[in-house]
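Remarks on the structure that follows.
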Amino acid sequence: MATKYSDEVPTNHFELVEQKIHSTFEKIIRIATERRDQLLVQLFDFKQDYLIKENIPIPIHSFYTEGLDSLLEQLEKLGSIQEIAESYKNKTQPIRRIGKRGSEKGELYNPSGLALDGDKIYIADTENNRIQIFSTEGKFIHEFGKEQLNYPRDIALNKKWVFISDWRLNTISKFSKTNYQLIKSFKEDVGAPCGLTTDTNGEVLVADSYNNRIAVFSSDLEYIREIGKDKLKYPQDVKINNNNIFVVDRNEINNIHIFSKSGDLLKSFIKLEDGRGIIYMCFDLYNNIIISDELGSSINIFTEDGQLIHKIKCNRPIGIIVNNNFDIICVSFREDVINIY
1 MATKYSDEVP TNHFELVEQK IHSTFEKIIR IATERRDQLL VQLFDFKQDY
51 LIKENIPIPI HSFYTEGLDS LLEQLEKLGS IQEIAESYKN KTQPIRRIGK
101 RGSEKGELYN PSGLALDGDK IYIADTENNR IQIFSTEGKF IHEFGKEQLN
151 YPRDIALNKK WVFISDWRLN TISKFSKTNY QLIKSFKEDV GAPCGLTTDT
201 NGEVLVADSY NNRIAVFSSD LEYIREIGKD KLKYPQDVKI NNNNIFVVDR
251 NEINNIHIFS KSGDLLKSFI KLEDGRGIIY MCFDLYNNII ISDELGSSIN
301 IFTEDGQLIH KIKCNRPIGI IVNNNFDIIC VSFREDVINI Y
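All residue numbers for the sequence shown refer to UniProt numbering, where the first residue is 1 and numbers rise by one.
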C-alpha cells in the first residue's frame with residue numbers, strides 16, 4: 001500500500017509544493033518553447049507521472065521538486081539557437097583524439113559507428129572485428145565481440161542491451177550491457193546492415209542497405225515490419241527525432257528522408273556534397289542535424305529545416321554523435337581515430 005501523508009504535515013504544505021512544481025514548469029516550458037528544446041519531451045513525461053497525487057509521500061515530492069530545480073538550472077545555462085549555431089562555426093580542429101591504428105587494446109583499424117553512454121564511448125572497431133569502449137577522456141575500458149563479429153558497422157544502446165549491425169555476416173546482434181555476452185543474433189533477410197537505433201518502445205530500427213529499407217525489430221530481435229521500401233536507395237543510417245524516423249541514403253536528389261512512425265514519407269531534403277559513401281547522422285538538443293559525409297570528407301551541420309550552418313573538414317568521417325555540451329564526436333575512418341570537436 002502506498003504511504004499516506006502524515007497528519008503532522010501542515011495542510012498548506014501540499015499546496016506550496018504543488019505551486020512550486022507548477023511555477024517551475026511554467027519557467028521550463030517558456031524556456032523550452034523559446035529554444036525548441038528536446039528536453040521538453042522528457043518534461044511532459046515527468047509532469048504526467050509525478051505531479052502531486054494523493055498517495056505519494058512528501059519526501060518523494062521533495063526529491064522530484066529538487067530534480068526540477070536542477071533541470072531548470074541546466075536549461076537556463078544553455079545558449080540560444082543562434083548562440084549554438086555560432087559556437088559550431090568555431091569548430092575547425094579536434095580538441096581531442098582517441099586511438100591510433102593497430103590491433104592492440106585501445107587501437108583501431110577502420111572504425112565506423114559509435115554510441116555514447118554517459119561518459120563512455122562505444123566504437124565499432126570494424127577491421128579488428130570487435131567493439132571497444134573508451135572514456136570520453138580517451139582511456140581504454142573494455143573490448144568484446146571478437147568471437148562473434150566480422151566487420152561490425154554500428155552500435156545502438158538502451159538501458160540493458162547493446163545492438164550491433166554486422167556488414168559481412170548480415171546480422172543484427174544483441175549483447176548484454178552488463179557482461180557483454182552475446183544474447184541473440186538475427187540472420188534472416190538482412191543485406192549489408194549499416195546504421196541502427198532504438199526507440200522508446202524498445203524497437204530496433206536498422207538501415208538494411210542492400211534491401212533498400214528500414215527493418216524494424218523488437219528488443220528480442222523478432223522481425224516486425226519494414227519502412228521505406230521502394231523509397232530509399234542504399235540507406236546508410238536511421239535515427240528518431242521528435243517522434244519521426246529520419247533516414248539518410250545515397251539518393252541522387254536528396255539524402256535525408258523523414259518518415260512517420262507508421263511509415264509514411266513526410267519529407268525529403270538536404271543534398272550532400274558527395275553523398276555516395278557511408279553517411280551517418282545525429283541530432284543535438286536543438287534539433288540541428290549533424291551529418292558525416294565520408295567521401296566528401298566533411299562533417300555537415302544543418303538546421304532542422306535544412307539550412308547549412310557549418311562544415312568541418314575531416315578525413316573520411318563515419319560514425320558521429322553530439323553530447324549535451326554540443327561537442328561533436330566523430331570517427332575518422334581513414335585516420336583510425338575518434339575526433340572530438
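Glycine included, each C-beta is placed from N, C-alpha and C at the ideal position.
In this text, all values refer to a predicted model and were calculated from it rather than measured experimentally.
Exercise. Alpha carbon to alpha carbon, how far is residue 201 from residue 207? Give it in angstroms, no decimals.
Key: 18 Å
Practice problem: Could you tell me how far apart the beta carbons of residue 278 and residue 318 are, in whole angstroms, since I believe they sit closer than 8 Å? | Solution: 5 Å
Quiz item: Should residue 259 and residue 244 be called a contact, given that it needs their Cβ atoms to be closer than 8 Å?
Solution: yes
Quiz item: How is the beta strand (DSSP E) around residue 122 delimited, first residue to last?
Solution: 120-125
Self-check item: Nonlocal neighbours in the same chain, by C-beta distance under 8 Å from residue 342, ignoring five residues either side
Solution: Absent from the model: residue 342. The displayed extent of the chain is 1 to 341, so no value can be given.
Quiz prompt | Any C-beta of chain B under 8 Å from that of residue 181 | solution = No chain B is present in this structure, which holds just one protein chain.
Self-check item: Within 8 Å, strictly: CB atoms of residue 171 and residue 153
Solution: no
Practice problem: Report the partner residues of residue 132 according to the DSSP bridge assignment. | Solution: 123, 143
Practice problem: Please work out which residues of its chain come closer than 6 Å, Cβ to Cβ, to residue 185, disregarding the five sequence neighbours upstream and downstream, and give them in chain order. | Solution: 171, 173
Quiz item: Using a Cβ-Cβ cut-off of 8 Å (strictly less than) and excluding sequence neighbours within five positions of residue 325, which residues of its own chain qualify?
Solution: none
Self-check item: Per-residue DSSP class, three states only, for residue 226
Solution: strand
Practice problem: Rank 176, 297, 190 by C-alpha distance to the C-alpha of residue 331 and give the top, closest one. | Solution: 297
Quiz item: Beta carbon of residue 327, beta carbon of residue 340: below 8 Å?
Solution: yes
Self-check item: Contact belief for residue 302 with residue 111 at Cβ below 8 Å, rounded distance in angstroms
Solution: 24 Å between Cβ atoms; not a contact.
Quiz item: Who does residue 190 pair with in a DSSP beta bridge?
Solution: DSSP lists no partner for residue 190.
Self-check item: Rounded straight-line distance, which links the Cα of residue 335 to that of residue 108
Solution: 9 Å
Quiz item: Using the beta-carbon count (16 or more within 10 Å), is residue 181 buried or exposed?
Solution: exposed
Quiz item: In terms of residue numbering, what span does the alpha helix (DSSP H) encompassing residue 87 cover?
Solution: 81-89
Practice problem: Starting from residue 209, trace the beta strand (DSSP E) both ways and give me its first and last residue. | Solution: Run containing residue 209: none; DSSP gives neither H nor E here.
Quiz item: Helix, strand or coil: how does DSSP classify residue 341 here?
Solution: coil
Exercise. Report buried or exposed for residue 87, applying the criterion of at least 16 other Cβ atoms within 10 angstroms of its Cβ.
Key: exposed
Quiz prompt | Per-residue burial, residue 239 [other beta carbons within 10 Å of its own, 16 or more giving buried] | solution = buried
Exercise. For residue 129, count neighbouring Cβ atoms within 10 angstroms of its own Cβ and tell me buried if that reaches 16, exposed if not.
Key: buried
Practice problem: Look up residue 197 in the DSSP assignment and give the residues it is bridged to. | Solution: 205
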